[in-house]
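8 protein chains.
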Amino acid sequence: MSTAPTHDIGFARLDLDRLRRTGDPEVILASHKTPGQTVESLRALSAAHPDRAILATRCDELTRGACQREFPAAQIDDAGRTVVLGPLPEPRGSVVVVTAGTSDLPVAREAMVTAAVFGTTGTLIPDVGVAGLHRLLAVAEALAAADAIVAIAGTDGALPGVIAGLVGTPVIAVPTSVGYGTALGGIAPLLTMLNACAPGLTVVNIDNGFSAAVAAARIARRVGTRR
Amino acid sequence: MSTAPTHDIGFARLDLDRLRRTGDPEVILASHKTPGQTVESLRALSAAHPDRAILATRCDELTRGACQREFPAAQIDDAGRTVVLGPLPEPRGSVVVVTAGTSDLPVAREAMVTAAVFGTTGTLIPDVGVAGLHRLLAVAEALAAADAIVAIAGTDGALPGVIAGLVGTPVIAVPTSVGYGTALGGIAPLLTMLNACAPGLTVVNIDNGFSAAVAAARIARRVGTRR
Amino acid sequence: MSTAPTHDIGFARLDLDRLRRTGDPEVILASHKTPGQTVESLRALSAAHPDRAILATRCDELTRGACQREFPAAQIDDAGRTVVLGPLPEPRGSVVVVTAGTSDLPVAREAMVTAAVFGTTGTLIPDVGVAGLHRLLAVAEALAAADAIVAIAGTDGALPGVIAGLVGTPVIAVPTSVGYGTALGGIAPLLTMLNACAPGLTVVNIDNGFSAAVAAARIARRVGTRR
Amino acid sequence: MSTAPTHDIGFARLDLDRLRRTGDPEVILASHKTPGQTVESLRALSAAHPDRAILATRCDELTRGACQREFPAAQIDDAGRTVVLGPLPEPRGSVVVVTAGTSDLPVAREAMVTAAVFGTTGTLIPDVGVAGLHRLLAVAEALAAADAIVAIAGTDGALPGVIAGLVGTPVIAVPTSVGYGTALGGIAPLLTMLNACAPGLTVVNIDNGFSAAVAAARIARRVGTRR
Amino acid sequence: MSTAPTHDIGFARLDLDRLRRTGDPEVILASHKTPGQTVESLRALSAAHPDRAILATRCDELTRGACQREFPAAQIDDAGRTVVLGPLPEPRGSVVVVTAGTSDLPVAREAMVTAAVFGTTGTLIPDVGVAGLHRLLAVAEALAAADAIVAIAGTDGALPGVIAGLVGTPVIAVPTSVGYGTALGGIAPLLTMLNACAPGLTVVNIDNGFSAAVAAARIARRVGTRR
Amino acid sequence: MSTAPTHDIGFARLDLDRLRRTGDPEVILASHKTPGQTVESLRALSAAHPDRAILATRCDELTRGACQREFPAAQIDDAGRTVVLGPLPEPRGSVVVVTAGTSDLPVAREAMVTAAVFGTTGTLIPDVGVAGLHRLLAVAEALAAADAIVAIAGTDGALPGVIAGLVGTPVIAVPTSVGYGTALGGIAPLLTMLNACAPGLTVVNIDNGFSAAVAAARIARRVGTRR
Amino acid sequence: MSTAPTHDIGFARLDLDRLRRTGDPEVILASHKTPGQTVESLRALSAAHPDRAILATRCDELTRGACQREFPAAQIDDAGRTVVLGPLPEPRGSVVVVTAGTSDLPVAREAMVTAAVFGTTGTLIPDVGVAGLHRLLAVAEALAAADAIVAIAGTDGALPGVIAGLVGTPVIAVPTSVGYGTALGGIAPLLTMLNACAPGLTVVNIDNGFSAAVAAARIARRVGTRR
Amino acid sequence: MSTAPTHDIGFARLDLDRLRRTGDPEVILASHKTPGQTVESLRALSAAHPDRAILATRCDELTRGACQREFPAAQIDDAGRTVVLGPLPEPRGSVVVVTAGTSDLPVAREAMVTAAVFGTTGTLIPDVGVAGLHRLLAVAEALAAADAIVAIAGTDGALPGVIAGLVGTPVIAVPTSVGYGTALGGIAPLLTMLNACAPGLTVVNIDNGFSAAVAAARIARRVGTRR
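Structure below.
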């Protein structure tokens with residue numbers, strides 16, 4: 041196993057074996073890298089696999105600017121802070137990304153872009169939090185029809201649990217750092233989701249729209265094959 | 041002010057001035073007292089005010105047994121762990137006590153008894169948690185008709201916030217220690233309630249059905265006067 | 041229920057049914073929105089209900105500036121960070137807003153404005169913390185006369201509990217993030233309030249003058265009807 | 041929606057509509073119930089749906105004994121603390137349940153039983169923690185072949201993240217309360233899992249083998265239909 | 041310095057130099073020792089200094105029984121869980137030990153015994169918590185007259201801060217583990233005390249009546265010399 | 041008691057009775073006030089008591105500048121962030137302020153200024169942390185000779201406990217926010233101090249050199265009278 | 041690598057490759073196993089390697105009894121809760137195990153036994169905590185002469201950091217759960233050790249005398265070879 | 041002992057005895073010092089021991105600039121934020137510094153410089169995190185050959201434990217603050233490391249590459265002597 045391909049670019053050892061092992065594309069987490077490191081990593085991965093989409097997440101304004109200049113063909117999402125290089129894969133299955141409030145939109149955008157890069161179709165349904173239940177009940181059918189749901193909420197984090205009680209679709213919950221005081225930077229909604237009364241809810245790290253979408257895509261790709 | 045009446049019984053200084061200041065009856069928190077201390081406190085308060093109801097909360101089995109023997113006329117609630125001595129006041133207004141699950145019933149019983157001792161009428165609606173929303177929607181009218189609501193929930197603690205979005209009645213939320221792991225002994229539902237998206241929700245300590253009912257009774261007594 | 045009115049403005053699904061369900065006006069939490077999103081939300085809600093007051097809270101300087109330009113008739117409170125559009129409702133009942141220190145004033149201002157928008161009369165009593173008890177004892181009668189009290193304190197958070205032992209008025213406690221070190225951004229006074237020895241105290245999120253005032257207004261509106 | 045069927049048995053309001061909404065069977069969480077309440081809930085659900093499997097989880101010794109006496113045909117798992125009544129559904133798809141150590145077996149047993157009741161086939165692979173990597177590498181193919189993986193680990197909680205880097209199968213991680221000191225009753229492995237470097241890992245509450253298996257079964261049932 | 045006297049009894053190295061360095065007597069913390077280890081430590085210290093009082097704290101029932109048998113002349117306090125051997129020193133200065141509630145009495149008893157062993161006079165004033173302020177105001181003069189105050193409170197922990205605002209006497213606050221839920225085993229009153237608005241309050245570990253009394257005695261001995 | 045003097049300046053209710061009750065001067069905590077509010081408070085207190093020193097703590101650069109302009113005679117300490125107006129009282133007794141490291145100096149400066157304003161003499165001994173014990177042992181006599189010690193330390197916070205084992209002088213420990221990572225902003229040294237093996241150590245809030253010095257001065261003033 | 045030897049005994053997959061990879065013997069953590077599982081694991085490992093010592097840690101009384109019966113030749117340490125089977129290896133190098141107090145002895149015993157099984161010589165120095173520094177200074181030479189030090193302390197956890205400032209020997213610190221209240225079950229001394237001012241201190245889990253001794257033995261074996 | 045040499049430079053008491061006691065060079069932690077204080081400390085230590093290397097860590101940009109100007113011969117590492125003055129010692133033994141990701145490089149650089157100043161040879165192996173195990177397995181031999189390993193990881197912190205299971209070399213783990221949300225600023229990887237299943241792992245403070253390298257150097261210097 042220690043002979044699987046990597047690519048050493050000095051400060052990083054790129055994993056060129058990921059697609060074979062997991063079916064997933066390569067990804068760069070830009071948040072603790074310099075713009076130059078992110079650009080160089082994108083370039084190396086793109087050179088190794090020019091026929092695949094490469095995703096960089098958590099790109100701040102400087103990094104997005106550097107990518108824009110270096111890769112004019114890159115698809116850049118400012119709200120979601122993502123950069124995508126190369127052709128998207130053919131989508132299989134479908135994922136619904138739903139948010140409790142308007143403030144959760146950046147996380148939702150990251151999830152939407154990730155879903156596309158990881159090979160599935162995403163649909164966004166924003167602002168259906170439980171303080172006005174009729175908004176949620178109005179979209180119950182769309183939720184039931186998806187192969188997987190990414191449910192995003194901050195503050196009380198109650199939305200994903202209510203959804204998991206309404207439909208049998210796999211639901212992946214994303215707590216967000218929206219809120220203040222006892223929201224504890226997203227710990228409060230995280231705990232709510234981990235303690236959801238409705239069974240079958242699974243949870244990812246705070247603000248981690250990326251990982252939630254990867255999980256959803258892994259499900260949707262499998263389910264979608266059937267159709 | 042330092043001349044207001046107290047009654048010194050050695051280990052305690054009973055506050056005989058409470059009714060005048062706040063309109064509330066005397067109460068004994070038995071949880072850190074010996075059975076003998078609770079019995080003696082009840083006896084002293086009852087002697088001072090034989091015409092009023094005296095409440096002891098958090099009475100364990102030994103204490104309830106001692107009270108049974110010493111005060112055969114006492115009203116004892118095993119589930120709610122309460123002992124009441126003396127005549128209940130004339131009730132004013134109405135309070136609904138609602139729970140998310142069956143496991144929240146001991147806290148609900150404590151709240152029901154407290155509501156009666158503090159001068160209002162309580163109605164219990166158990167097991168309407170948000171994992172099956174139709175159970176809650178079926179009782180929405182009863183909730184809207186109350187003068188105040190005590191909403192009790194453990195684990196995800198989502199119920200009170202959903203109620204506060206459904207009706208305009210004052211809602212007092214009680215987190216319970218029901219749950220395990222990340223429920224953190226009730227911290228998780230407490231945080232959910234403090235971060236409720238619906239405004240106007242107020243919260244008390246974990247498992248504190250007593251204090252929630254006091255708050256609800258203070259509201260209901262004022263509102264109920266009108267009727 | 042899923043047919044109750046909402047208004048979809050792309051990034052938000054406005055809840056136009058709230059007044060019917062709860063008696064409360066519409067509110068926008070601006071803290072995680074762009075100035076443009078807040079302005080657009082205010083405009084949409086105001087267009088739907090031009091005869092009602094609309095409240096935006098947590099408006100930073102940029103947002104307040106944008107609102108000033110777009111809605112010259114708006115009432116803007118810089119200390120409380122609020123923007124109000126449209127005519128205030130006829131007030132019913134009365135609420136006292138009391139603070140432990142000068143530093144709690146921004147939260148108190150948010151509470152005062154919210155009380156007015158939610159249909160009750162607010163009176164402000166600042167700086168009566170327990171380090172100088174005589175300041176508090178001097179206002180005890182005003183506290184007893186209110187329909188509900190919003191008691192605001194940071195650091196040790198002791199004030200609301202002392203008030204709840206002095207008078208029988210419903211008291212809603214607001215911990216503030218004033219303090220440093222072990223104040224833990226407001227967690228310390230929050231815990232103090234949740235553990236108050238005096239019963240009947242209820243608590244809201246740190247710095248949440250808005251929600252405390254909503255709870256107080258819901259009480260005062262009901263009690264005040266009687267008069 | 042408020043007219044969906046429930047069954048009121050005094051202390052509980054059973055949700056008879058769950059299968060229609062979610063495809064999931066009825067379940068009773070026995071941990072905060074008396075043995076009598078669990079027996080009575082099982083009887084009521086079984087009477088409503090004699091053709092379906094009913095699951096009770098977290099049954100202590102007393103409760104399992106009471107079920108044994110009342111329902112001689114019940115399938116009881118002492119290690120997993122489960123009681124199952126009625127015929128299991130036809131399984132679709134397959135789930136692998138993998139543990140880091142021997143001490144995680146009770147949680148794994150709960151997951152295995154739940155998988156069967158929720159309509160999928162479970163396979164158990166115990167004791168392949170990362171302190172001896174060769175044990176894990178030896179089962180990599182079995183992990184890759186599953187429709188979903190439930191990965192259970194206490195103490196450092198590193199196993200699920202390593203699996204999610206090895207295969208593309210959806211992985212649901214369960215932290216356990218195994219460990220001492222800084223394991224913090226399962227908080228440490230929970231954090232490890234939420235922060236896994238490998239993307240796509242999703243997490244449930246500490247020791248919650250039940251909910252992880254529900255999530256896995258929801259995935260496997262969808263994927264498995266195809267076969 | 042490394043030649044100062046110690047006494048090696050195998051499992052412990054007794055510090056025979058303490059009185060010379062600090063003026064304090066020898067003390068044994070029995071809580072993590074076997075009854076035999078505590079008895080043996082007491083015997084060794086008593087043999088080294090038969091003319092001084094030796095104190096053992098946190099003695100459980102078994103340990104107190106063993107001490108009773110071995111040292112018939114020992115003074116044993118069951119509530120405070122202390123054992124004292126040898127003659128008490130001549131007291132200098134005076135300390136007041138004040139509690140918020142009846143449940144704080146065990147900690148107060150430990151403080152009272154410690155004060156005597158550490159060479160000062162203690163006076164106990166129980167049950168003057170802030171929920172009934174008149175009880176506290178009635179004893180303000182006694183508080184002002186002491187050389188140092190040990191103020192003990194659980195739950196909200198508000199009492200010591202109110203005292204420090206009333207009088208200029210040095211006040212040492214002891215949080216207790218009395219309370220439940222968000223009292224967090226004494227963390228809540230500890231935080232209250234550390235954040236007291238009144239300056240000059242100092243704090244010790246939860247339930248540590250011993251250390252508070254040592255601090256108070258060190259002050260009272262110095263002040264009392266003057267008289 | 042409610043008739044004791046206060047001075048209402050709109051945003052604050054100044055406590056003019058403090059000296060009579062506690063012997064302490066008036067103080068303003070500037071950290072959550074505007075420069076204008078601090079200046080106005082200083083002016084009002086100074087006008088009421090021109091013969092006494094008035095202290096403002098936690099004055100940021102803007103506030104210190106405003107004070108400099110308004111009160112040219114003010115004594116301003118930039119490191120300690122203090123402003124003093126009016127004549128210092130005649131000192132009684134002596135306090136030693138000792139720090140573990142150079143980084144603790146700002147807290148030490150605040151303590152030194154406070155000691156002078158509260159009527160005692162302060163001596164500063166910096167940088168004697170336990171990583172080089174000989175530095176501490178070299179000053180042991182100076183520590184033993186003081187009436188009270190303020191011991192300041194961040195990171196491991198071990199210094200004050202070692203001092204309390206060396207000398208019998210009352211020691212007040214101040215944890216500082218110096219450190220990173222697991223220092224948790226001062227929580228780590230706070231816990232160390234609260235758990236000190238040496239008895240008699242008392243503790244104040246993180247970085248609270250002010251309150252520690254007030255406590256020390258209250259002790260030193262009483263002890264010092266004798267001389 | 042996936043072909044390295046393991047031994048499958050149903051509930052466990054024993055790692056028979058450890059000695060080759062790491063030089064360490066096999067170990068069984070008994071704390072979450074039944075006595076039968078521990079006995080069976082010991083038997084299997086002993087059968088595979090009859091010439092090596094096998095260690096079981098955290099054996100409760102029942103498990104130690106079962107081992108005594110099954111393996112009459114086993115060396116059992118009741119205080120340290122260990123069981124050793126088979127011949128000890130030839131020791132290389134030397135380790136000193138030092139404790140702050142008598143209460144830390146069980147952890148020290150676990151470390152002493154582990155050191156022997158892992159191939160080095162252990163020497164125990166108990167009860168030299170920093171509250172009486174002369175006790176520690178008296179053993180400084182023994183500390184300097186060791187190849188590695190295991191320093192064990194609860195409550196304030198200050199001892200290991202002071203040692204690391206005194207000598208250049210590698211020091212491994214073990215926080216213990218000795219203490220109460222803010223000791224937080226060992227979190228307080230853990231934080232003290234992680235924040236030690238003296239550099240080069242490394243830390244293990246609370247009460248983990250085993251892992252500390254493994255680390256110390258790995259060092260001592262390497263250093264000791266030289267002699 | 042209290043006569044060992046120190047150098048008093050007003051704000052600091054430099055420990056000139058360290059090399060004699062511990063074999064370690066002098067070090068300055070610049071993070072809470074002004075640039076001028078760091079420069080002055082470097083100058084004083086360098087004057088006392090011109091023949092030894094002096095290390096300053098945590099030097100921000102301003103401090104590094106000041107050092108550059110004052111000491112043109114200084115070796116400055118911008119990524120590692122270190123300044124070194126004077127000749128490096130002859131290295132003994134070897135240390136491998138390994139990181140899980142690119143983002144851990146600043147901590148690794150601090151460790152590399154420290155290793156050199158503390159007298160050993162460092163080798164850097166970056167970016168071999170467990171999400172792609174083959175990258176780690178490819179360097180296993182280099183890890184086994186070192187005298188000590190410093191293993192650095194953020195987010196899930198799983199790498200050091202996997203290494204400690206692969207090789208018998210002493211491993212010192214450094215958690216980093218890389219990550220977001222539930223990484224809790226490095227608390228999550230710290231807990232993972234403290235709970236590592238593989239025995240013998242020891243841990244230092246978050247981001248503390250310095251102390252880890254000191255510990256590794258102390259080991260390597262002893263082992264390396266032999267060669």
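Going down the list, the protein sequences come from chains V, P, C, S, Z, R, H and D. Just so it is clear: in the first sequence, position 225 is 265 by this note's numbering, and no numbers are missing. Just so it is clear: in the second sequence, position 46 is 86 by this note's numbering, and no numbers are missing. Just so it is clear: in the third sequence, position 157 is 197 by this note's numbering, and no numbers are missing. Just so it is clear: in the fourth sequence, position 57 is 97 by this note's numbering, and no numbers are missing. Just so it is clear: in the fifth sequence, position 101 is 141 by this note's numbering, and no numbers are missing. Just so it is clear: in the sixth sequence, position 123 is 163 by this note's numbering, and no numbers are missing. Just so it is clear: in the seventh sequence, position 100 is 140 by this note's numbering, and no numbers are missing. Just so it is clear: in the eighth sequence, position 131 is 171 by this note's numbering, and no numbers are missing. In this text, a Cβ means the ideal position worked out from N, Cα and C, and glycines have one as well. All of these numbers come straight from a predicted model, not from anything done at the bench.
Buried versus exposed, by CB contacts within 10 Å (16 or more), residue i
i: G221 of chain V; result: buried
i: A186 of chain H; result: buried
i: G50 of chain Z; result: exposed
i: P229 of chain D; result: buried
i: L102 of chain R; result: exposed
i: E150 of chain Z; result: buried
i: E130 of chain Z; result: exposed
Distance, residue j Cα to residue i Cα
i: A255 of chain S; j: H174 of chain P; result: 23 Å
i: S86 of chain P; j: R58 of chain Z; result: 53 Å
i: R266 of chain H; j: S134 of chain H; result: Caution applies to R266 of chain H, whose pLDDT of 47 falls short of 50 and renders its modelled position unreliable; the value that the coordinates give is listed next. Roughly 12 Å separates the two Cα atoms.
For residue i, the three-state DSSP class (helix, strand or coil)
i: V138 of chain S; result: strand
i: V67 of chain P; result: strand
i: G249 of chain C; result: helix
i: T163 of chain C; result: strand
i: T74 of chain V; result: coil
8 Å contact criterion, which residue i and residue j should meet: CB distance rounded
i: R258 of chain R; j: G240 of chain Z; result: 5 Å
i: M7 of chain S; j: G201 of chain S; result: Chain S is shown only over 41 to 267; residue 7 of chain S falls outside these bounds and no answer can be derived.
- Message: If we require 3 or more residues per run, which beta strand (DSSP E) segments fall completely within the segment 81–133 of chain C?
- Response: 94–97, 115–117, 122–125
- Message: So within the segment 192–237 of chain S, which uninterrupted alpha helix (DSSP H) runs reach at least 4 residues, ignoring any that extend past its ends?
- Response: 199–206, 227–234
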